[in-house]
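What follows is a short report on a single structure.
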């Protein structure tokens with residue numbers, strides 16, 4: 056297994072363990088002065104993985120069409136996610152990591168197109184799938200911090 060993808064999957068398992076006791080209400084709660092909630096952050100991780108890895112390589116996303124739209128950067132939760140939707144996001148966090156590994160092993164990312172990202176937001180550029188995986192680890196760590204902050208308030 057590609058070490059970066061293994062780290063990604065292990066981190067997601069760790070993250071899912073941390074939120075395992077939360078209720079649907081807690082997943083959906085948006086504390087004062089926050090713009091999103093725990094479930095939005097989890098969905099956002101999948102959304103960014105799909106864009107940074109698949110779409111930039113000219114590949115279709117491996118999640119259903121329209122799934123990622125509510126979790127795109129700059130969006131906010133528009134409605135509570137029901138328990139079934141929360142379970143789906145939890146399942147996708149692991150399944151998409153496994154699918155990413157499979158696609159990586161099949162060299163499906165050979166035509167990677169570097170995304171245009173303002174340095175002020177990310178601090179480094181992404182030129183290929185290996186750098187995209189490094190970015191994902193950084194990005195997921197950032198959102199883990201967001202989730203931990205939200206968990207203290209819900």
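Numbering (the numbering used here), first residue to last: 56 to 209.
All C-beta atoms, glycine included, are put in the ideal place defined by N, C-alpha and C.
Secondary structure at residue 62: helix, using DSSP grouped into helix, strand and coil.
Residue state for residue 91 is assigned as coil, using DSSP reduced to three classes. The beta carbon of residue 148 is closer than 7 Å to those of 67, 71, 97, 100 and 101 in its chain, skipping five residues each way along the sequence. Cβ-Cβ distances below 6 Å link residue 123 to 102 and 105 in the same chain, with the five nearest sequence neighbours on each side left out; the list follows chain order. A contact is defined here as three or more CB-CB pairs under 8 Å, and the region 159 to 171 meets this definition with respect to the region 107 to 124. Taking 9 Å as the cut-off, the beta carbon of residue 73 is found no closer than this to the beta carbon of residue 207.
For residue 106, there is no enclosing alpha helix (DSSP H), as DSSP gives it neither H nor E. Rounded to whole angstroms, the separation of the alpha carbons of residue 118 and residue 205 is 26 Å.
At least 9 Å separates the beta-carbon of residue 209 from that of residue 132. The continuous alpha helix (DSSP H) containing residue 148 extends over residues 138 to 160. The C-beta distance from residue 192 to residue 62 rounds to 6 Å, short enough to meet the 8 Å contact threshold.
A direct Cα-to-Cα measurement between residue 136 and residue 81 gives close to 11 Å. Residue 79 and residue 141 do touch by the CB rule: their CB atoms are close to 6 Å apart, below 8 Å.
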